[in-house]
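Reviewing the structure listed below.
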Amino acid sequence: MIKKIEDLDYYEILNLTSNASPKDVGNSYLLAVATYHQDSLASYGGLIDKERDLILDKIEAAYQTLRDPEKRKAYDAQVGKRPPGIPLKADFRSSTKPLQIEDASEGKSLWDKVRSVLASGRRRKAGRALENEPGGWGRWSAADDFYYYGDILKKLRMRKGLTLEDISKKCGVPPSRLQSLEEEIPDHQSDGEKMRDVLRRYAKCLGLDPDNGQESSFSSRFD
Amino acid sequence: MSEDKTRPQVIWAIGGGKGGTGKTFLSANLAIALGIDRGDVIAIDADLGGPNLHTLLGVRENGRDLGDFIRNHVGRLADIATPTSYPGLRLIRGSESTLFLANLNHYKKLKLIRQIKSLPAKRVIIDLGTGSAYNTLDLFVVARPGILVVTPEPTSIENTYLFLRTCALRILNAYARYFEIADFGQRVREGFESRSTSLRSFLETLTARDGSAGQVLTAALRGLKLYLVVNKARDKKDALLGRSIVDLVRKYFLINLELLGTIPYDERVHWSLKKFSPFIFEFPESAVSQAIRAMAERLAQEEPAAGEEQSALLRT
Chain E
1 MIKKIEDLDY YEILNLTSNA SPKDVGNSYL LAVATYHQDS LASYGGLIDK
51 ERDLILDKIE AAYQTLRDPE KRKAYDAQVG KRPPGIPLKA DFRSSTKPLQ
101 IEDASEGKSL WDKVRSVLAS GRRRKAGRAL ENEPGGWGRW SAADDFYYYG
151 DILKKLRMRK GLTLEDISKK CGVPPSRLQS LEEEIPDHQS DGEKMRDVLR
201 RYAKCLGLDP DNGQESSFSS RFD
Chain C
1001 MSEDKTRPQV IWAIGGGKGG TGKTFLSANL AIALGIDRGD VIAIDADLGG
1051 PNLHTLLGVR ENGRDLGDFI RNHVGRLADI ATPTSYPGLR LIRGSESTLF
1101 LANLNHYKKL KLIRQIKSLP AKRVIIDLGT GSAYNTLDLF VVARPGILVV
1151 TPEPTSIENT YLFLRTCALR ILNAYARYFE IADFGQRVRE GFESRSTSLR
1201 SFLETLTARD GSAGQVLTAA LRGLKLYLVV NKARDKKDAL LGRSIVDLVR
1251 KYFLINLELL GTIPYDERVH WSLKKFSPFI FEFPESAVSQ AIRAMAERLA
1301 QEEPAAGEEQ SALLRT
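Going down the list, the protein sequences come from chains E and C. Under this note's numbering, the first residue of the first sequence carries the number 1, and numbering increases by one thereafter. Under this note's numbering, the first residue of the second sequence carries the number 1001, and numbering increases by one thereafter.
In structure tokens, the structure reads:
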């Protein structure tokens, strides 16, 4: 049975496993916003506006819950997430082998054909789960090469309906510097440490947690 | 040698909706890398509009081509597979005849597909042309897995989604015919062809009305395994693009897409084309060549075990 997008749990929305670290949550959130934002290159021509709005709302809700340890614990209990260490069941991700329509002989009834194809998919579940494959979901959540790109922060700011002036007032950085940061224009007047500080303040104003386990990727942006 | 042992263990098709994304470039270099590493590869130039795989492989001599096979001048497709100057690699040239497209009717296409599936080589790579025409799609679907090539440009991405929609619809139609799902064509016209809904929403609606039909069609899509290659990536953001497309396709197209790799942009590609020399030979230590070799290695590792045959949705 197909789950509706609105019925996907927060881990599925952000492509996370139940033992995802705070860093994984933050990175997946940024990537999800970058994927589904209205100016996103990745979703150009792939979504209609209604679907885009729905999933962006889900992404925001997922992040606001999973970033907070208490909310996350309560959510896990509510949806019955397994504790870390126990692999997730994922029928879809493990049934990667092609269906073999010829498994059902022509002489069988329609229901026999349906059963044979569905059962055929289950028989092949023994294959490796995609989560463990190179380039699969597991690699996503473990990725440590995700940086705070300016245009991703810009998309996030726009999604939240904030102007550069709004952010400037909140974090005390001139709008022009924030814009340079969004456009990723090198600021020759500031050293790496200063830029890191500006980026950190900007990220915090957007509700991100740059100090929560994301130090390495955050810092490497300026190394 | 028995017939089963001579059949291809794996058929890869390299396609995508947009021209100029580097499908032929990837086909040529991947074929060379697999030929060197594993051997016994046949590359087929199935660009039905403008074949030039032979140019990228540095083959200048004219010889028999797909057109000769389609026009029955040659009995077996295997007979027009000619050796190249690269170890372990043979080439089936595309046809430059303007009549070729017109001649590829349904039955000739099925004959071509049957013969591809019985080629005497362990590995077959099909280089497909641009666009979402049914002939191209059917050759793409025959392969397991198909490899989509996209560049970080809106036009390329838009055409990729169009290609996937058309491809998915082709598969759903085949299953709907086989399972005798009533009014499927009408439901498609009402709910999907207008592009006002995603494939996922369409199948959600269909499942709500007819649970068994919805399950069969969803299983059909989920059985389709595809790879994505992002070509001409200029920075790490372009590399992240591949992950984003994979996520969207899995969520909204219900297709099992995986990121095979990202190839960085390199100006020297143009230079190698002008020199009629495969890039992977000219610049073996470049990031581009390393990315292609890594893809070849991964594809080779995921080849089905001996005796395990590939399957195709569109049976011939």
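Glycine included, each C-beta is placed from N, C-alpha and C at the ideal position. Fair warning: this is a prediction, and the values are worked out from it, not measured in the lab.
With a threshold of 8 Å between beta carbons, TYR44(E) makes contact with chain C. Neighbours of GLU51(E) in chain C, taken as residues at a C-beta separation under 8 Å, are given in chain order as SER1198, SER1201, TYR1252. Restricting attention to ALA1296(C), TYR1252(C), ILE1263(C), the CA atom closest to the CA of TYR36(E) is found in TYR1252(C). The DSSP-derived three-state label of PRO69(E) is helix. Close CB contacts of THR1151(C) within its chain, under the 6 Å cut and outside five residues either way in sequence, are with THR1021, ASN1231, LYS1232 (chain order). Rounded to whole angstroms, GLY1075(C) and ILE1011(C) show a C-alpha spacing of 21 Å.
In the three-state reduction of the DSSP assignment, PRO1120(C) falls in the coil class.
Pairing GLY1067(C) with SER1027(C) gives a Cβ-Cβ distance that is not under 8 Å. Each of THR1218(C), THR1055(C), VAL1149(C), THR1130(C) was checked against the Cα of GLU1258(C), and the nearest Cα belongs to VAL1149(C). At a cut-off of 8 Å between beta carbons, THR35(E) contacts chain C. Boundaries for VAL173(E): no alpha helix (DSSP H) harbours it, and the DSSP string shows neither H nor E there.
Look at ALA1239(C) here: in three-state DSSP terms it is helix. Rounded to the nearest whole angstrom, the CA to CA distance from ASP1247(C) to ARG1071(C) is 43 Å.
Against ASN15(E), the close residues of chain C are ASP1247, in the order they occur along the chain (beta-carbon pairs closer than 7 Å). Look at LYS4(E): its C-beta is under 8 Å from a C-beta on chain C. ARG1144(C) is bridged by DSSP to ILE1011(C).
According to DSSP, ARG1090(C) shares a beta bridge with ILE1042(C), PRO1083(C). Residue contact with chain C for ILE59(E): absent (no Cβ-Cβ distance below 8 Å to any residue of chain C).
For LYS1275(C), there is no enclosing beta strand (DSSP E), as DSSP marks it with neither H nor E.
Counting along the chain, the unbroken beta strand (DSSP E) around LYS1225(C) starts and ends at 1225-1233.
With fewer than 16 neighbouring CB atoms inside 10 Å of its own CB, ASP53(E) falls in the exposed class.
Here LYS4(E) is exposed. Its C-beta has fewer than 16 other C-beta atoms within 10 Å. With its beta carbon at least 8 Å from every one in chain E, LEU1110(C) lies outside the interface. For a Cβ distance threshold of 9 Å, residue set LEU41, ALA42, SER43, TYR44, GLY45, GLY46 of chain E lies close to ILE1157(C), ordered along the chain. Bridge partners of ASP1127(C) according to DSSP: ILE1014(C), ASP1045(C). In this structure, the straight-line span from the alpha carbon of LEU1077(C) to that of VAL1142(C) is close to 16 Å.
For PHE1276(C), the number of other beta carbons within 10 angstroms of its own is below 16, and it is reported as exposed. With contacts defined as CB atoms closer than 8 Å, LEU1053(C) and ASP1127(C) qualify as a contacting pair. Contact annotation: the segment 5-21 of chain E touches the segment 47-63 of chain E, with at least three C-beta pairs closer than 8 Å.
Shown here for THR1082(C): same chain residues with a beta carbon closer than 7 Å to its own, the five before and five after excluded, namely GLY1063, ARG1090, LEU1091 in chain order.
By the Cβ rule, the segment 1254-1268 of chain C counts as touching the segment 1209-1224 of chain C, because three or more pairs are nearer than 8 Å. Scanning its chain for C-beta atoms nearer than 6 Å, with the 5 sequence neighbours on each side dropped, one finds around ILE1125(C) the residues TRP1012, SER1027, ALA1031, ALA1043, in chain order. In terms of Cβ geometry, LYS1018(C) and SER1244(C) do not form a close pair [threshold 8 Å]. Within the segment 1208-1222 of chain C, contact with chain E at the beta-carbon level (separation under 8 Å) is assigned to GLY1211, SER1212, GLY1214, GLN1215, VAL1216, THR1218, ALA1219, ALA1220, ARG1222. Out of LEU1217(C), SER1201(C), GLU1282(C), the CA that lies nearest to the CA of LYS50(E) is found in SER1201(C). Burial is judged here by how many other beta carbons sit within 10 angstroms of a residue's own beta carbon; VAL79(E) has fewer than 16 and is exposed.
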